[in-house]
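For the protein sequence lines, the chains are U and D, in the order given.
Quick note: the first sequence, position 39, residue 39 per the working numbering, numbers continuous.
Quick note: the second sequence, position 287, residue 287 per the working numbering, numbers continuous.
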Amino acid sequence: APRGRPSAGPIVIQFPGEKTNNLTNQQFAEEYLNRYGYVPAGLLHRDGSSLKHALRKLQRQLALPVTGELDSATIAAMRAPRCGVPDVGR
Amino acid sequence: FQTFEGELKWKHRNITYRIQNHSPDLSPEVTDDAFARAFALWSSVTPLTFTRLESGDADILIQFGTQEHGDGYPFDGKHGLLAHAFPPGKGIQGDAHFDDDEFWTLGKGAVVQTRFGNAEGAPCHFPFIFEGSSYSSCTTDGRSDGLPWCSTTANYDTDHLYGFCPSELLYTLDGNANGEPCVFPFTFEGRSYTACTTDGRSDGYRWCATTANYDKDKLYGFCPNRDTAVTGGNSQGEPCVFPFTFLNREYSACTSDGRTDGNLWCATTDNFDRDHKWGFCQDPGYSLFLVAAHEFGHALGLDHSSVPEALMFPMYRFIEGPPLHPDDVKGIQHLYGPRTEPDPKPPTSAPLEPDSTTQSNACPTLPPRPTGPPTDRPSAPPTAGPTGPPTANPSVLPTEPLDPADDVCGIQIFDAIAEIQGQLHFFKDGRYWRVQQGSKARAQGPFFIASTWSALPRKLDTAFQDPLTKKVFFFSGQQVWVYTGQSVLGPRRLEKLGLDPKVRSITGAIQHNGGKVLLFSHNQFWRLDVKKQKVDRSEPYSVEGMFPGVPEDTHDVFLYQGKAYFCQDHFFWRVSLHNQVNKVDQVGYVTYDLLHCP
């Protein structure tokens, strides 16, 4: 039988009309922390400790284990459907 | 619980709200009821009252929108961010906005509330049985007017309880036409539209005119989504088209291929690679009642809670029980105090979803909102076609009195004749009749072409059904329409099929094996590849050369029970196509031999 082409894995495409969502978990988390008020825009890039601090704050607010790490439970919580009102600040 | 910084709250107790627009996902009655119940949650534990205003300024303005919707806080497409609201105050403060890229339900899938019929507005019961077949969505089977309907019990055949499903042919939302249904075709900026459109808008909402000419009358409404509609993507409100081609593969069901998030999607034309039209397939959706209750908490002054079981927790969670947690009650009573009267005021309308615990058995007490004069209301129950598969048998006849044009036996020359779903269809001046294969019974009809295939003009030249895909092609003048079930592609110009612009009309069609169809225009024909929707070559073949013995200038050619019929005047020449030999084996009368007229 003819041999199929070797699989290159599932093909992922950019669907028209849909915002590009190829952010890494780190980028996604930074955007989320900023959007929902856990850290002011731009401050995360100065040092790693601000990310840990913001993550701890988020984990407390969302009743997650407080690790200060971008673990799978935290990522899953960030990707869950939610209200758009910021959790912290106005 | 938390309150907003500065403990923002309303200074008065009689809070007003106004629903500015409605989501196409839900009927206005279900939406209004969900909001009323959401407010009632808060009024049951506080001294606050909530009064709905139909116009003017209200404390809480409720709005559906997508992406950037005017407040500088854009939504993000399907999933993710669902809604937001502003704390109490003037202007935009207190307002609640809902992302209409979400699929709004009561949390357990599409809510298909019926109108009219004989089930007093009960919701559809899926699946249901009609003529022995099981249906999991609304159908137009059994009707000739194109209106989707459903059974409101598990078995229509035994219970005969039915209602009409959301459709632009039944009503519109908001706009300025008082909910009147769409009128097709309608004219907008000089162009003719045969379906709802997003043209002329930047928010992606589908609309239609409710008279034949929007340019003149300026009357419009928004189209409700049918229960088969996709959400999000770039084809909101359109139905999936199956099968569809994606990366050169054919798909007959929703798929998550091409995505990393596992969400199911489908194309809304038969070829994604070509048309790039797509949307998400239906899922349980988000409960508008629960999300609204949360947002109204913000609108009253509550910030997000860190108690996961609380309604004011920021993440969405579907629950069927009473959604207020003691933390929510403590929070709202911190702002407004407890309820002082002994009996909480009930919601302004009876719940469609008793205690939020049931959906399919819910029995609404609101009467259907009138959408036009009584004569506009469909009142005939869905009826079974005489024989054959249910999908092919619209059988409700036009209600006008019979006039000579309705007598099929009085018609000498038909515009087009075609075998569709095993039945011979005779088209003439906006009407059609059909004859059951092998039956000696008189033709059924007339039915209105516009009711069954709303995009088509009155005068057709030719029609045929592709035996493989079941798509039905209609030709009129230099235009072609392709129907897949109820969805239509077109009109497209004949040139798109690779035909010379000089071809003024298609006068007949004969389906061949292998996805080929012979398209006739008077004395010549072309071979159409149905899959590619292109003719094989630009040079036509001669009818005389391939079909010796048929008249020179036939006005209609069609295939029926495996034989080709060439019509001239009220006669036909039947050609047997067996063994590669095309031979006339009968000359007969259309009226007597095909229509069985006396």
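Each residue gets a CB set at the ideal place from its N, CA and C atoms; glycine is no exception.
Since we're looking at a predicted model, the values are computed, not measured.
{"Check": "By a C-beta neighbour count over all protein chains shown, 10 Å radius and 16 as the cutoff for buried, is L58(U) buried or exposed?", "Outcome": "buried"}
{"Check": "Which residues share a DSSP beta bridge with W42(D)?", "Outcome": "In DSSP, W42(D) forms no bridge with anything."}
{"Check": "Provide the residue span of the beta strand (DSSP E) that contains V435(D), from first to last.", "Outcome": "R431 to Q436"}
{"Check": "Write down the C-beta distance between V557(D) and T507(D) rounded to the nearest angstrom, noting that I regard them as a contact closer than 8 Å.", "Outcome": "6 Å"}
{"Check": "Please report the distance separating the alpha-carbon of Q26(U) from that of T31(D).", "Outcome": "38 Å"}
{"Check": "Candidates S27(D), E68(D) and Y565(D): which alpha carbon is nearest V663(D)'s?", "Outcome": "Outside the shown range of chain D (1 to 598) lies residue 663(D), about which nothing can therefore be said."}
{"Check": "Can you give me the C-alpha to C-alpha distance between L397(D) and S167(D), rounded to a whole angstrom?", "Outcome": "Per-residue confidence for L397(D) stands at a pLDDT of 34, beneath the threshold of 50, marking its modelled position as unreliable; no derived number is given."}
{"Check": "Give me, in chain order, the residues of the same chain whose beta-carbon lies closer than 7 Å to that of R56(U); leave out the 5 immediate sequence neighbours on both sides.", "Outcome": "V66 and G68"}
{"Check": "Considering only the alpha carbon of each residue, which of D227(D), D203(D), G204(D) and F186(D) lies closest to D217(D)?", "Outcome": "F186(D)"}
{"Check": "Can you check the region 216 to 285 of chain D for any alpha helix (DSSP H) of at least 4 residues that lies completely inside it and give the ranges in chain order?", "Outcome": "272 to 275"}
{"Check": "So, helix, strand or coil for L302(D), using DSSP?", "Outcome": "strand"}
{"Check": "Would you mind giving the Cβ-Cβ distance between G301(D) and L335(D), rounded to the nearest angstrom? I have them listed as a contact below 8 Å.", "Outcome": "5 Å"}
{"Check": "Could you tell me whether any Cβ in chain U is nearer than 8 Å to the Cβ of P501(D)?", "Outcome": "no"}
{"Check": "At least one CB of chain D closer than 8 Å to the CB of P65(U): is that the case?", "Outcome": "no"}
{"Check": "Classify K428(D) as helix, strand or coil using the three-state DSSP reduction.", "Outcome": "strand"}
{"Check": "Can you pull the chain U neighbours of T234(D), defined as C-beta to C-beta under 9 Å?", "Outcome": "The amino acid at residue 234(D) is misidentified as Thr; the sequence shows Asn. Simply F15, P16, G17 and E18."}
{"Check": "Nearest-angstrom Cα distance between D275(D) and L51(U)?", "Outcome": "43 Å"}
{"Check": "Let me see if you follow: with CB-CB separation under 8 Å, is H325(D) close to chain U or not?", "Outcome": "no"}
{"Check": "Tell me the residue span of the alpha helix (DSSP H) that contains V543(D).", "Outcome": "V543 to M546"}
{"Check": "Spatial neighbours of I413(D) within its chain, please: CB distance less than 6 Å, with the 5 preceding and 5 following residues excluded, ordered by chain position.", "Outcome": "none"}
{"Check": "Can you confirm whether W278(D), when its beta carbon is compared against all beta carbons of chain U, has any partner nearer than 8 Å?", "Outcome": "yes"}
{"Check": "Leaving out the 5 sequence neighbours to the left and right, which residues in its chain are closer than 7 Å to G204(D) when beta-carbon positions are compared?", "Outcome": "T66, T198 and Q236"}
{"Check": "Which whole runs of the beta strand (DSSP E) in the region 178 to 215 of chain D are 3 residues long or more, in chain order?", "Outcome": "186 to 188, 191 to 193 and 207 to 209"}
{"Check": "With the cut-off set at 8 Å, would you say P24(D) and P224(D) are in Cβ contact?", "Outcome": "yes"}
{"Check": "I'd like to confirm something about A293(D): is its beta-carbon nearer than 7 Å to some heavy atom of the ligand PLP, or not?", "Outcome": "Within the structure as shown, the ligand PLP is missing, as the structure has no ligands at all."}
{"Check": "Applying a beta-carbon distance threshold of less than 8 Å, which residues of chain D neighbour Q80(U)?", "Outcome": "It should be noted that the sequence gives Ala, not Gln, for residue 80(U). The answer, in chain order, is M315 and Y316."}
{"Check": "Is it right to say C240(D) is buried, meaning 16 or more other beta carbons lie within 10 angstroms of its own, or is it exposed?", "Outcome": "buried"}
{"Check": "Quick check: what's the CA-CA separation for A154(D) versus G132(D)?", "Outcome": "12 Å"}
{"Check": "Which residues in the same chain as V435(D) place their Cβ atom closer than 6 Å to its Cβ, once the five residues preceding and following it in sequence are excluded?", "Outcome": "L424 and A443"}
{"Check": "Please work out which residues of its chain come closer than 6 Å, Cβ to Cβ, to P491(D), disregarding the five sequence neighbours upstream and downstream, and give them in chain order.", "Outcome": "Q479 and W481"}
{"Check": "What beta strand (DSSP E) runs, 3 residues minimum, are completely inside the region 469 to 539 of chain D?", "Outcome": "472 to 476, 479 to 484, 487 to 493, 508 to 512, 516 to 521 and 524 to 529"}
{"Check": "Which bits of chain U does E295(D) rub up against, with CB to CB less than 9 Å?", "Outcome": "C83 and V85"}
{"Check": "Rank H596(D), A299(D) and A212(D) by C-alpha distance to the C-alpha of F50(D) and give the top, closest one.", "Outcome": "A299(D)"}
{"Check": "Locate the beta strand (DSSP E) running through L81(D), then write down its first and last residues.", "Outcome": "L81 to A85"}
{"Check": "How should Y589(D) be labelled, buried or exposed, when 16 other C-beta atoms within 10 angstroms of its C-beta is the threshold for buried?", "Outcome": "exposed"}
{"Check": "Would T340(D) be called buried (16 or more neighbouring beta carbons within 10 Å of its own) or exposed?", "Outcome": "exposed"}
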